[in-house]
Amino acid sequence: MHSRLIHIYVAFYHIKLVVQKNRMSSKFDIGSLSIVMTLLICFLLLSLAPKLEAELATVQHAPNPDGSISFLVIGDWGRHGLYNQSQVALQMGRIGEEMDINFVVSTGDNIYDNGMKSIDDPAFQLSFSNIYTSPSLQKPWYLVLGNHDYRGDVEAQLSPILRSMDSRWICMRSFIVDAEIAELFFVDTTPFVDAYFLSPQDQTYDWSGVSPRESYLQTILTELEMGLRESSAKWKIVVGHHAIKSASIHGNTKELESLLLPILEANKVDLYMNGHDHCLQHISTSQSPIQFLTSGGGSKAWRGYYNWTTPEDMKFFYDGQGFMSVKITRSELSVVFYDVSGNILHKWDTSKMLDSDFYFPL
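Given below as structure tokens:
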């Protein structure tokens, strides 16, 4: 029961006690009347107060019969098939068929260079529907927005009309995919970055639906914290466009380090997956139990930049095109990175004890 409902219930209970007490008495004194009036006012204020907690929209995605799920992760891709986008898509189709994936995750920057101009923008077909044509990729695509998406008509990418044009497209600002064994929390990270507001240079961003910014960000953080805290999933994964940790040209996103990371660590998140930097990387630091995974190699890459001062934390870095796969069972999680030719570049596995492992028969 939420705290506001508890307070309302307590107020009603005390009013009931006062009224019952005075029914048994021959007089209803001013003090008792004052108590009743105070409680009634408190109840009225509580009922009118804005709701302090909210819930992220949740999409239910059934796992496989054995409880497992598998999916691909791609970011920074929508370039009409250019910059090896089509080649990456071909290999995604091959790996997706081998794994019999359940869905695809996009870490943002879905349409370059400046998002979609409108709901009728041909870029949707040219960069998505006409590119990811392999049978194995005809599964739901769960997408977050990137900074380049915010340079266009944001509402166009969020519109359900796109889903009527291509049923795979499921794009929201922040939401949850509940696959039972795992929950994926998609976070709209672009509004967190100060530079887009303070020094946008020659870029124009579509902030409709975001203003006032402070309230928007606080709502995201509150909803995310509540969702993570209440999650009973065995595995918790958070997806955003911007990196919390990165050795590539954009580096760490300081706003996410200060505002988002403490919530993820406090709620035992397993993976944070992002794009933004056009590379593939896996960072694991001794300061955090979270694995930081970048999959931003969907098209244009090879920036020739690397800056990381603690080599023991950098488990894998690749400056080219590619994508990532994730397979999850009740006790195991496996991550694999692939290049543009579908070659395996890096693998990482982890495991958790099953609940049944804690059962001790008498």
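Per the numbering used here, the very first residue in the sequence shown carries number 3; after that it's consecutive.
Idealized CB from N, CA, C, for every residue including glycine.
Under 9 Å between the Cβ atoms of S301 and Q283? no
Have a look at S210 and R153 and give me their C-alpha separation to the nearest angstrom. 11 Å
L84 versus P214, T331, I133, P313, residue with shortest Cα-Cα distance: I133
So, with DSSP's three-state summary, where would you put I10? Note that I10 scores a pLDDT of 41, beneath 50, so its modelled location is shaky; the value from the coordinates is reported in the next line. Here I10 sits in helix by DSSP.
Would you mind reading off the limits of the alpha helix (DSSP H) that contains A91? 87-101
Let's test the definition: count the other Cβ atoms within 10 Å of the Cβ of K236 and tell me whether it reaches 16, buried, or not, exposed. buried
Within the same chain, show all residues whose beta-carbon is closer than 7 Å to that of Q87, passing over the 5 residues directly before and after it, in chain order. W79, R81, I133, G300, S301
Count the other CB atoms within 10 Å of the CB of W171; is the residue buried (16 or more) or exposed (fewer)? buried
For L48, name the three-state secondary structure that DSSP assigns. In this predicted model, L48 has a pLDDT of only 41, less than 50, meaning its place in the structure is not dependable enough to derive any value.
I'd like to check one pair, S138 with E182: are the Cβ atoms closer than 9 Å? no
Could you have a look at G229 and say whether DSSP puts it in helix, strand or coil? In the three-state scheme derived from DSSP, where H, G and I count as helix and E and B as strand, G229 is classed as helix.
DSSP on A184, reduced to helix/strand/coil? Three-state result, A184: strand.
For E334, three-class secondary structure by DSSP: strand
Is it the case that the Cβ atoms of L266 and F194 are separated by a distance below 9 Å? no
By alpha-carbon positions, which one of G77, K247, F73 ends up nearest to D102? F73
How about N276 and G77: are their beta carbons less than 9 Å apart? yes
Assess contact between the segment 331-339 and the segment 243-251, defined as three or more Cβ pairs (one per stretch) separated by less than 8 Å. Is contact present? no
Going by C-alpha distance, which of I178, Y114, V179 is nearest D155? Y114
M174 - DSSP class collapsed to helix/strand/coil: In this structure, M174 counts as coil in the three-state DSSP scheme.
Run of the beta strand (DSSP E) containing L347, from where it starts to where it stops: 346-353
Buried or exposed for S49, going by 16 or more other Cβ atoms inside 10 Å? Confidence at S49 is low in this model, with a pLDDT of 43, below 50, so the placement of that residue should be treated as unreliable; the coordinate-derived value is given next. Exposed.
On the three-state DSSP scale, how would you describe S297? strand
Euclidean distance between Cα positions of K238 and G253: The alpha-carbon atoms of K238 and G253 are separated by roughly 24 Å.
To the nearest whole angstrom, what separates the beta carbons of L230 and V189, a pair I think is in contact under 8 Å? Not a contact, Cβ separation roughly 11 Å.
Would the beta-carbon of C281 fall within 9 Å of that of S250? yes
Considering only residues of the same chain and omitting the five flanking positions on each side of I71, which have a CB-CB separation below 7 Å? P65, N104, A181, I183, A184, I330.
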